[in-house]
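Student: Questions regarding the structure given below will be posed in turn.
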Amino acid sequence: MKTAMESIKDMVDVNTIVGDPVETPDGSVIMPISRVSFGFAAGGSEFEPNKAHGDEGFPFGGGSGAGVSIQPVGFLVVGGGNIRLLPVDTNTIVDRLMDVAPTLLNQIQNMVRSTNGNAATLTN
Numbered sequence: 000m001k002t003a004m005e006s007i008k009d010m011v012d013v014n015t016i017v018g019d020p021v022e023t024p025d026g027s028v029i030m031p032i033s034r035v036s037f038g039f040a041a042g043g044s045e046f047e048p049n050k051a052h053g054d055e056g057f058p059f060g061g062g063s064g065a066g067v068s069i070q071p072v073g074f075l076v077v078g079g080g081n082i083r084l085l086p087v088d089t090n091t092i093v094d095r096l097m098d099v100a101p102t103l104l105n106q107i108q109n110m111v112r113s114t115n116g117n118a119a120t121l122t123n
């Protein structure tokens, strides 16, 4: 079990989750982001000796298994004073709306303020 856990630990490190950054010609830095999952299970059992067959010791049965899954999540883009996460999955519409929402709300607030300011000057 110890050997298997050490092998999994060697495979899954922080560089697997956050990949090596790549700098583009315009100065932006792109880092790949992945989701890593792993699991490990082991078990065993000793059985009663079968005296009829002349078994002297306790027979042992056991097994182990492990699995690793790496899924790309997206790319973290740092540049131009902004940090953006460009997702890999197909549900990018919701993510893009979340990125644009603060800017859209600021524009709506500015339009409401300017409309209220113009209404106040028209009544005076």
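As numbered in numbering that gives the first Met the number 0, residues 0 to 123 make up the sequence shown, in order. Just so it is clear, CB atoms sit at the ideal spot from N, CA and C, and this is done for glycine as well.
1) In terms of DSSP beta bridges, what is F59 paired with?
2) Using a Cβ-Cβ cutoff of less than 8 Å, which residues in the same chain neighbour G18 once the five nearest sequence positions on both sides are dropped?
3) Taking only three categories from DSSP, how would you classify V99?
4) For M30, which residues does DSSP report across the bridge?
5) Nearest-angstrom Cα distance between G79 and P24?
6) Roughly how many angstroms lie between the CA atoms of V86 and T15, to the nearest whole one?
7) As a quick exercise: from I7, E22, A100 and V67, pick the residue whose alpha carbon is nearest that of V76.
8) Closer than 6 Å by C-beta to V28: which residues in its own chain qualify, once you throw out the five before and the five after it? Chain order, please.
9) F39 and A3: beta carbons closer than 8 Å?
10) Helix or strand or just coil, what does DSSP make of V21?
11) Please state whether DSSP places V111 in a helix, a strand or coil.
12) Check the C-beta distance from S44 over to G61 and give it rounded, since I have them as a contact under 8 Å.
Tutor: Quick answer:
1) Here residue 59 is taken as the residue at index 60 of the sequence shown, counted from 1. F59 is bridged to E45.
2) Mapped onto the sequence shown, residue 18 falls at position 19. Counting only Cβ-Cβ distances below 8 Å, and skipping sequence neighbours, we find M30, P31, I32 and S33.
3) The residue given as residue 99 occupies position 100 in the sequence shown. It is helical.
4) Looking up residue 30 in the sequence shown gives position 31. M30 is bridged to L75.
5) By one-based count along the sequence shown, residue 79 stands at place 80. By one-based count along the sequence shown, residue 24 stands at place 25. If I take the Cα positions, the gap works out to 13 Å.
6) Your numbering for residue 86 matches position 87 in the sequence shown. Your numbering for residue 15 matches position 16 in the sequence shown. A quick correction: the sequence has Pro, not Val, at residue 86. Taking the straight line joining both Cα atoms gives about 17 Å.
7) The residue labelled residue 76 in the question sits at position 77 within the sequence shown. Comparing Cα positions, the closest option is E22.
8) Indexing the sequence shown from 1 puts residue 28 at position 29. Excluding positions up to five away in sequence, the list reads P20, E22 and V77.
9) Here residue 39 refers to the residue found at position 40 of the sequence shown. Here residue 3 refers to the residue found at position 4 of the sequence shown. Yes. Within cutoff.
10) Along the sequence shown, read from residue 1 onward, the residue named residue 21 stands at position 22. V21: strand per DSSP, three-state reduction.
11) In the sequence shown, residue 111 corresponds to position 112, counting from 1. Residue state, collapsed to three classes: helix.
12) Within the sequence shown, the letter at position 45 stands for residue 44. Within the sequence shown, the letter at position 62 stands for residue 61. Confirmed, about 7 Å.
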